[in-house]
Every structure is written in C-alpha cells, then in structure tokens.
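**Student:** Chains A and B, in that order, are what the protein sequence lines are. All residue numbers for the first sequence refer to this note's numbering, where the first residue is 533 and numbers rise by one. All residue numbers for the second sequence refer to this note's numbering, where the first residue is 533 and numbers rise by one. Note that beta-carbon positions come from the ideal geometry of N, C-alpha and C, so glycine has one too.
Number of protein chains: 2
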Amino acid sequence: MLDWNTKGRDRLARLEAGQRFSAGKLVDPQQLVAFLEAILKPGDRVCLEGDNQKQADLLAKALSKVDVTRIHDLHMVQSGVVLPEHLDIFESGVARRLDFSYSGPQSARIARMMFGGQIELGAVHTYLELFARYFIDLTPQVALIAAVSADKAGNLYTGPNTEDTPTVVEATSFGKGLVVAQVGEIVDRVPRVDIPADQVHFVVDAKRPFYVEPLFTRDPAAITETQILTAMLAIKGLYVPYGVRRLNHGIGFNTAAIELLLPTYGERLGLKGKVCTHWALNPHPTLIPAIEAGWVEQIHCFGSEVGMEDYMRARPDIFFTGPDGSLRSNRAFCQTAGLYACDMFIGSTLQIDLAGNSSTVTGSRVAGFGGAPNMGSDARGRRHPSEAWLRAGREADPTAATPALRRGRKLVVQIGETFGDGMVPMFVERLAALDLADRLQLDLAPVMVYGDDVTHIVTEEGIANLLLCRDRDEREQAIRGVAGYTEVGRARDRKMVEHLRERKVIQRPEDLGIDPLDADRSLLAAHSIKDLMLASGGLYRPPSRFRNW
Amino acid sequence: MLDWNTKGRDRLARLEAGQRFSAGKLVDPQQLVAFLEAILKPGDRVCLEGDNQKQADLLAKALSKVDVTRIHDLHMVQSGVVLPEHLDIFESGVARRLDFSYSGPQSARIARMMFGGQIELGAVHTYLELFARYFIDLTPQVALIAAVSADKAGNLYTGPNTEDTPTVVEATSFGKGLVVAQVGEIVDRVPRVDIPADQVHFVVDAKRPFYVEPLFTRDPAAITETQILTAMLAIKGLYVPYGVRRLNHGIGFNTAAIELLLPTYGERLGLKGKVCTHWALNPHPTLIPAIEAGWVEQIHCFGSEVGMEDYMRARPDIFFTGPDGSLRSNRAFCQTAGLYACDMFIGSTLQIDLAGNSSTVTGSRVAGFGGAPNMGSDARGRRHPSEAWLRAGREADPTAATPALRRGRKLVVQIGETFGDGMVPMFVERLAALDLADRLQLDLAPVMVYGDDVTHIVTEEGIANLLLCRDRDEREQAIRGVAGYTEVGRARDRKMVEHLRERKVIQRPEDLGIDPLDADRSLLAAHSIKDLMLASGGLYRPPSRFRNW
C-alpha cells in the first residue's frame, strides 16, 4: 500500500516544530534562527524571496545564522541572489545547490564562488522559466517571503511590491510546502489581501519594511549625448516604421533617453497616441514626463520602484492599482505580457558577438538574466497579428510562398554605445560567457539573448536590421557595420557594409534624416531627478541617494 | 489638467448602478438581466468566463437576454466560446467583436457566423497569449466569472476548477474593471480563499454548480489497436531515447493509450522512474493506473476533470491541493509550466501539411487552439538544460561550431493515425486553415502548431524525426514517409524515404523492435471506464454519460 500523503505529513511535522516558537502563526522574532532550524531539513528546496527589487532580508539574515551542523546542503530556488546573506549561506555550507535568475549586485562574488566550487549551479533562468519550474520539478519545500503587513489571521498585504510573492506562495503552499512571511507590521485589517491567510503558515513581525532596491531609477543628468543619439535613432528608425504601441524597455540609460525624448522629439515627429501606448514595464521615473504629456494609456508592472508609490496612486488610469489605491505588480503576469502581448523588447547588454548573441557575463562577473531571455525572444506560440509584428515577419521572409503561413516576428532590439562603461567595447569576437561555460563545464553558455532572436542593433553609428540579412555573412557585416571603432567594427568589409546600407540593412543617422549634432541634452524632457519630481507635481519622491537638493 | 481617474469613476458608477439590484454584494438572481443592463455599456470589453471546462453559464444565459437596444457591440475577450449563449449574443448584436482561444463544441456554428459576418474576429489566441493581453491591451471592463461558493464578504472558493479565474480577476479588478461572480452557494466560511473578497464586486447565488465539461475523459474501451501501436512507438522511439521526464499530453486517444501503456509496456521496458515523472496535465482518468503503479511524482493542472475530485483529494502527494483538500488548478501557471518547464508536448491534430504545419480548422469548423500553440512551440527564452532538450538540440544542429552556443529544443510531437475519424486523412497538401484565411481575409492562417516547431510525427507507419531533416525536401519526404496510404503518403519518393530510413530520420515499428501484432488491447492497463474506477479504489467517480454499469 503506497503512502500518498508524505508531503502533507512532512509539512505538518514542520508546522508543529515551528509552533514551538510561535503564538498562533506569529513567530517570536527573538527566536527566528531557532525557528528556522526547527522547520528546515538538510537538502530542502528553499525559496528565499528576493528578485531585482524586494528582499526578504530579515529571513535571509536569520537563515545565514542557522547551525550548519543541523541545516545544510539546501537547494536554493529563487529569482535573485542579491544580498550578501544569499551567498553567505553557500560559503558556510547551509546551502549547496542554486537555481536562480538574477544576481546583479553580487555578480562578482557569485562568479568567484562558482569557480571555487562553493556553489553547485543548477541553471541560470529567466524569471518566468524559474516560476514555471516551481510547478513542475523545483517546487519549494519552504518559502521565506516578504510582505508589507499581515493581519492576525495571516492575510498578507504586499503593497506595490507584489512581484513574485503570489507565484512563489501558490507553488509552495498548494505543493504542500511551508510558507513563512516576514512583514513590516501586524495590523488589524490589511489594506487589501494580496495573499490569503490560508496559504500562509507563519508570520514574523520584522517591525520595519523589507529591503527594496531602486534598480529602475536612472538620473537624467547622467544621460550622454551619444545615448540621446541612439534614442533618436530608435524612435525614428524603429518606433515610427513599425508603429510600436505595446512594448517593454529594459534597464539602462539608452532606453531612459527614449522615455525622456517621447514628449519632445517624439511629439515633434507627431507620434503621440501612435507609439508607446501600452507597456509591460516597471514604474520607471523617466517615463513620468511622457505619462504627464498623455502619451501612455496603460502600464502593467513586474514590480514597483522606490519613490513612485504616491505618483502611481495618483495615476490610477495608467497603473494597475488595488482597492487600497496602491500598485499591484505581478512579475509572472508581467513577464507573460512581455512575452506574448508586446511587439518590442529593447534593452542593453554588455557584450554582443558577431552572430548577435549577447551576454552580461564578463570575465569576472555573472549577473544572471532576469527577464531579458523571456522578453527578448520570439514568442513562437503567439497567434494574434499586429502591424509591427507582421511587418517584422515580412522583412524576415519577403518571398514566402504562402503569406498566410508566414508568422510575424517579435522586435528584439539591443541598444547601446559601441564603447560602454570604462570604454569597454560592446562588440566582441567571442563572448566571455563561453569561457565561463568552459570553466564550469556547462552544457550551455549563459547567453542572455540569442542572435537568432535579435532583430535590430542600435548604436550611435546606426541601426542594423538583422531581419533583412539573408545569410551569416550579411549578418556579421551588418553587426560590424554598426560597431564603430571597436576592433569588431574596424574589421568590417567596407564594400559589403556599403552594399548593406544601400539595401537599408544598415541605416546611418543621416539616412534617417538625423543630424548627430541635434542629439543634445536640451531634447530631454527632464534633466535631473529633481525635474522628474517636479514633472510629477511632487508626487514622485526620489530616494535620498538620488537627491542633491 | 488631465483626469487620471476616469476608469475608477466609471467603475464606481457601474457599482452604484449595480447596487440597485443587490443587497451588499449579493445580486438578486431574479433581477440578473436588469443588473447586467445596469452595469454594462455598449462597446465594453467583457470576459464571460469559460474555457474548455468550467463555464459561468448562469451569467452567460442572463447576458443573452439583455436588451440589445441598451447593451450592444460588446467586445468579448475570453478563453472559450463553448455554450450556445456565447454565440447567441453575437447573433442578437449584444456582442460584435471576439478575441478568444477555444471553441470546440461550437466550432461549426462559430465558423458559419464568422463567414456570415456576425462575428468580427480579433484573433484566435493560445490561452496564455490571451491572458497576457488582459494585462496590456485587452483588459476587461467587466468580468463575469464562476466559483463554487462565496462567503458574505465576497471571498470566493473555486474548488478544483480554479482554472482561469485568478488571472481574469487580477487583470480586471486591478485594471479598474468590475468583477461579478456566479456561485453555487453562499456559505458562512469558504473552504479556502481562492479569490479575496476585495477583488470581487458582486456575487450572484445560482443555487447550483456552474457547468463543467468532462473534456479530458477518454474511455479506454474506445482505444484502437492502431492507437496502441502509435503509443508503443512513442514510448519506445521517443520517451526512451530522450528520457522524457517532464511533459504534457494533449487530448486524444493516442496519448490516452500512452498513459495506459506505462504500467504495462513501459514497466516491461524498465522505464518506471525514468520517464513521465513530472507533468503539466489535466487530471486525465487514463493516468490513474500509472499513478497507482507509482510512476508519477507530481502533476500540476490547468483545470480539473469531472469525477476526479475525490481521487485527487486522496492523492495529495501527486496533485497541488489546498488546505481544504481539493485541487488547486491554475491555467496560466500550468501553461507557463508547459512552455518553460516541460521537455515534451505530444498531441493530436486534424490536419498536417507537407511542411509539418498543423491545424484543427477544417472546411466547416473553427475549433480554436487552446493551449497547443503555447506548449507546442519551442520556448526560445528557455535557459536551463535537460538531457532531452539538449539531445534534441544536438540532432537539429549536430555540427555546431560552438556547442555551448547551441540551444536545446523542445520536443513537439504530433501523434495520430494516417486516417482519422471517418477515414479522413490527417495528411493534406494544403491546410483548410488557408481557405479560412482567404475567406475571412485574415493576415494569418489559424495554424495550431507550425512545422518549424514540430520535432516528430508519429503514425502507425512509424516515426518521422524532423530534427534530423536537413532541408525542405527531406522534411517533406519524412512526412510523406509516415503518411501511410493517404494521398500524401502515396506520393512519396520511395528511394528518398528509404534513404531517410537508413539515416533513422524515419523509423518503422520493426526498426524499433516493435511487432505491430503485439499492439493488442490486452496491453492497456485499463480496458474501460469501470476499470479506471476500480484502479482508483472507487475514488474516481465517472460522470454518468461514461457509465454503462
């Protein structure tokens, strides 16, 4: 006779063990480490909530203090490896195996620890892929999550940073795992129920908010004229001809520049209402001037952004907000929206090779992927047409025997300067990701966006339209043709590049009627964080690190 | 000064209008039609919940009775067009435009109405794609949904048929739309909270359960020996070499046969624990024998299946179940899991052309897609390796210059008999979907799975491995080579087909050591619905239409 309730009984045992340190669901914060030692077992699959924004930081700190002779070899399955404690637990042996998505601020240390063998790498995922595995083969046995507040029953309010929480909790709780939430306060009644109490097993009152990183704030003051030029190229050379209404912008100053050019340069081109109306996007402060100018119809958000809370509350037509008035974000649904309902993904990268493959791995850093692989890929399951998508499909295959069988293509654009931070060339013959794959004996190099999914590359030298390339050589020369004075750029076949330009595979600023001398900071709708605050009518409250007034 | 709360005020007006027919959130069922006339406006985007299983049937009926002079030209955005009322509203003019996914039982009538111009077609989507658009450009203004019960505050219990509800409600409610739920009963306390009350605006007590279609029940008695042969081929020719552990099965007798062969034929091949351990799957009754024999570790479900409720409750290690003991399904998450966390999708179709494109559109029927385009596509954003996925990638590109840059491939398998129901050939020179596209002047023919995503085709004549085909001609001959005595099959180039067989592009039963004479019904682990019930220890309670005892 098979036993069909091993997981349920295992959870019950953990519940009972945990209740030695709790009154009802409320765990004694003084005994948090002992509590974790009681509910965890060696080898557990654990999701310690954290992504590129919110962090269950109190629980992370406590987990880093558990007795490694009792709790060890955990298998961490979580979006972000961001806090020092996320890696401390691998150093101490509390954790051993890692499946994750993003590690921005820890990219150097995580690389060292991978090389040193302290982290056994499962895989680097795109967010939605890791969420998918929560329901199939990486269901957490314990989830340590973060919320703004809880009521006594355990209903949780996540506030604007809902992010991964509903997904992590659904997989864990219905998968018979244990859900432990740190909250900023216990209240009589939560402002809205983001997570119902019956999915939450324990609550810890941290008596302070969880940590949040303002990752999507770009100071307009730091935007260069070269970045403004790339933004003008993107708007006039891509947004206009494709008529891109539904899109996502990655992080970076180039796309921030696009956002700040919409109400100025974009207005002059008569684009208002014709492009950039519907977004899958975090609440970027640099989008405030475009929103205020009436460009934007609706934005769905992966997460929130520190300082944008009151602004979003005051713009309920634009943002998805709850009965409490604050944003409801949702990373899983927004990634799904980015995949299937957007016509364009445009973002930056650190390295692009001759085939158009890009990666954020450099010699000493493994930054992970976040959402880029998902949104920067052609959604082959997509079945609804749009003008932008159909046009891209026609360009890729102009002579299709049966046009009705020709799919469209997602526009996947890489934008950046030929030389990036510290004058490091963006274009390389060989991705550093390949060295990483060699060194760690990975089957798969950590490529962020594959060349066969990239449709355009934009630099200050021009736009390369890879959809129009008919073979590998053309593709390589199209890439070299916008790679400027990098080694890759200098090794171009000048004749072939000129030929590609005649075919509009490559378009220079002058081909688009853009004078690089016009790429002036005066074009930006805001020149500083303070301008953004003023544009918001004082509703945007920048974090102190961004204030100099 | 721009107005930023038009949607909120619009909802408030609808709320107030609706409250004339309600006590608190509870709508008077006698006044349901008048209530809908009060909360709806011409041109509204409306999601009338319904997919291939559960239906908000009371609300559908009421909507079909509203006064068309008051409520007309609605834009319906919903997974399923399944009930007669779903089309009645287009006939009367209450609705005009349609974005949907699936229309199985209404496939003939919907085709007639499209041809007749009574339905203005937006697009036919795959489920996850339509959900994605709920957050971008198809956010419902009103959602009419279905749940098992509600408490007085409006907390909803969906029971096992959670399905689309959380997704529809999240998009609608936080998008400032109005959510109206029909429930089977009002209770003091819901068994679990599937939808928190603050996302629900009105509740109608239908005093009976919503309608559910047992779409995923296949009677073993109806499985033919030809289907058993295709199942043997799939198991030995695909599941074994690729070592497929994480997968989805479509609907159909061929895959039902696979499920019923696991504990017999699969056991004999020593596959237990090596294949088919983790599933994105509805609770197929035909999987009961494999579950009982200990083959299955975990199943996440899109929806539920009528009669399987008690069985799932008694198998909590296998299914995602809630604190109330019953299944928690979730179509959005399960589709995501099917896309990103499964190595194989195997399903049937009605037509396959010479390029491997398949469609369920026939001359007079438009059945829609459901989940097949999503799960039957290569997830190009996937970044985690598995043996199955890597092997498929190697087969497609054996000579990659840089193996670490070679992605794997999702296994997308079409399985069926060369001649289907009514001896209609599955293989065609030209898809009927193309005629539909012509007739309706669609940019895009409604192709279910595109040939470039299909990796294998299995018929009783053998397996065609399209990954191994190096050009269009090889692909065409590989397809003809398993198309049997259909016209497509008879027009094969015999020499080329033999050559493909030498290269194992085509594998015949004998090439796999399978004697077609062994494809006997005695191999099935259950021969009838009653056997399935017995295998479940009486826990599976088949709907009466499947009972003949």
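#1: Pair every Cβ in the region 686-698 of chain A with every Cβ in the region 711-727 of chain A, then say whether three or more of these pairs are closer than 8 Å.
#2: Output, in chain order, the set of chain A residues within a Cβ distance shorter than 8 Å of B/W536.
#3: Chain A partners of B/R724, CB-CB under 9 Å?
#4: Please confirm if A/V736 has its CB atom under 8 Å from at least one CB of chain B.
#5: Could you give the DSSP three-state label for B/D620: helix, strand or coil?
#6: Apply the 10 Å Cβ neighbour rule to A/Y1017 and answer buried if 16 or more other Cβ atoms are within range, or exposed otherwise.
#7: Does the beta-carbon distance from B/V656 to B/F632 come in below 8 Å?
#8: Mind checking if B/Q830 is an interface residue toward chain A, Cβ cutoff 8 Å exclusive?
#9: Please decide whether B/L547 counts as near chain A, where near means a Cβ-Cβ distance under 8 Å.
#10: When the Cα atoms are used, what is the spatial distance from B/E799 to A/A566?
#11: Please give me, in chain order, every unbroken run of the beta strand (DSSP E) with length at least 3 that falls completely inside the region 698-777 of chain A.
#12: Give me the Cα-Cα distance between A/L963 and A/D1003, rounded to the nearest whole angstrom.
#13: Would B/R897 be called buried (16 or more neighbouring beta carbons within 10 Å of its own) or exposed?
#14: Output needed for B/P637: all residues of its chain with C-beta closer than 8 Å, excluding positions within five of it in sequence on either side, in chain order.
#15: Residues in the same chain with beta-carbon distance under 6 Å from B/G769, minus the five sequence neighbours each way, listed in chain order, please.
#16: Please state whether the Cβ-Cβ distance between A/A887 and A/R1007 is less than 8 Å.
#17: Report yes if the C-beta distance between B/V1082 and A/L937 is below 8 Å; otherwise report no.
#18: Closest to A/V1020 by CA distance: which of A/V956, A/A977 and A/Q562 is it?
#19: Between which two residues does the beta strand (DSSP E) containing A/I989 stretch?
#20: Is the Cβ of B/L1066 closer than 8 Å to any Cβ of chain A?
#21: Tell me the residue span of the beta strand (DSSP E) that contains B/C579.
#22: Using the C-alpha atoms, what's the distance from A/R546 back to A/G540?
#23: Write down every uninterrupted run of the beta strand (DSSP E) in the region 863-931 of chain B whose length is 3 residues or greater and which is fully enclosed by it, in chain order.
#24: Kindly indicate if chain A contains any beta-carbon less than 8 Å away from that of B/F865.
#25: In angstroms with no decimal places, state the Cα-to-Cα distance between B/L765 and B/T749.
#26: Are the C-beta of A/S596 and some C-beta of chain B separated by less than 8 Å?
#27: Assuming contact is defined by CB atoms lying nearer than 8 Å, are A/T894 and A/G948 in contact in what I supplied?
#28: Using a Cβ-Cβ distance cut-off of 8 Å, determine whether A/T934 contacts chain B.
#29: Which chain A residues sit within Cβ distance under 7 Å of B/D669?
#30: Around the Cβ of B/L544, are there at least 16 other Cβ atoms within 10 angstroms (buried) or fewer (exposed)?
#31: By the criterion of Cβ-Cβ separation under 9 Å, what are the contact partners of A/L974 in chain B?
#32: Sort out for me which residues DSSP pairs A/R629 with in a bridge.
#33: Relative to the C-alpha of B/G952, which residue among B/Q759, B/V1037, B/P1075 and B/K806 is closest?
#34: Considering only C-alpha positions, which residue in the set A/W827, A/E829, A/Y771 and A/P930 is nearest to A/F876?
#35: Using a C-beta cutoff of 8 Å, does B/Y982 count as contacting chain A?
#36: State whether the region 817-834 of chain B contacts the region 679-686 of chain A, with contact taken as three or more CB pairs (one from each stretch) at a distance under 8 Å.
**Tutor:** In short, the structure shows the following:
#1: By the Cβ test, the region 686-698 of chain A is in contact with the region 711-727 of chain A, since at least three Cβ pairs between them sit closer than 8 Å.
#2: Within 8 Å Cβ-Cβ: A846, R847, P848, D849 and I850.
#3: Per Cβ cutoff of 9 Å: P728, D730 and Q731.
#4: Taking Cβ atoms only, chain B never reaches closer than 8 Å to A/V736, which makes this a no.
#5: It is helical.
#6: Counting Cβ neighbours within 10 Å, A/Y1017 comes out exposed, since fewer than 16 surround it.
#7: It is a contact, given that the beta carbons lie within the stated cut-off.
#8: Yes, contact with chain A.
#9: No, B/L547 does not count as interfacial toward chain A.
#10: Rounded to the nearest angstrom, the two C-alpha atoms are 45 Å apart.
#11: Segments of the beta strand (DSSP E) lying fully in the region 698-777 of chain A: 710-718 and 734-737.
#12: Computed Cα separation, rounded: 21 Å.
#13: Buried: at least 16 other Cβ atoms inside 10 Å.
#14: Cβ within range, chain order: V614 and E745.
#15: Around B/G769: I995, Q1039 and L1044.
#16: For A/A887 and A/R1007, yes; Cβs fall inside 8 Å.
#17: Given that chain B is displayed from residue 533 to residue 1081, the structure contains no residue 1082 of chain B and the question cannot be resolved.
#18: Here the closest residue by C-alpha is A/V956.
#19: A/I989 -> beta strand (DSSP E) spans H988 to T991.
#20: With 8 Å as the cut-off, B/L1066 does not count as an interface residue toward chain A.
#21: Counting along the chain, the beta strand (DSSP E) containing B/C579 begins and ends at R577 to L580.
#22: So the two alpha carbons sit approximately 10 Å from each other.
#23: The qualifying runs are 876-879.
#24: Yes, because at least one Cβ of chain A sits closer than 8 Å to the Cβ of B/F865.
#25: Their Cα atoms are separated by approximately 23 Å.
#26: No - not a single Cβ of chain B is within 8 Å of the one on A/S596.
#27: Taking 8 Å as the cut-off, the Cβ atoms of A/T894 and A/G948 do not count as close.
#28: Yes, A/T934 counts as interfacial toward chain B.
#29: Going along chain A in sequence order, the residues near B/D669 (Cβ under 7 Å) are R778, H810 and A873.
#30: Under this definition B/L544 is an exposed residue.
#31: For A/L974, the residues of chain B that pass the 9 Å Cβ criterion are P917 and A936, in the order they occur in the chain.
#32: A/R629 pairs with A/H607 and A/E652.
#33: Residue B/Q759 is the option with its Cα nearest to B/G952.
#34: Per the sequence presented here, residue 876 of chain A reads as Met, with Phe not at that position. When C-alpha distances from A/M876 are compared across A/W827, A/E829, A/Y771 and A/P930, the shortest belongs to A/Y771.
#35: It does: the Cβ of B/Y982 has a partner Cβ on chain A nearer than 8 Å.
#36: At 8 Å Cβ cutoff, the stretches do not touch.
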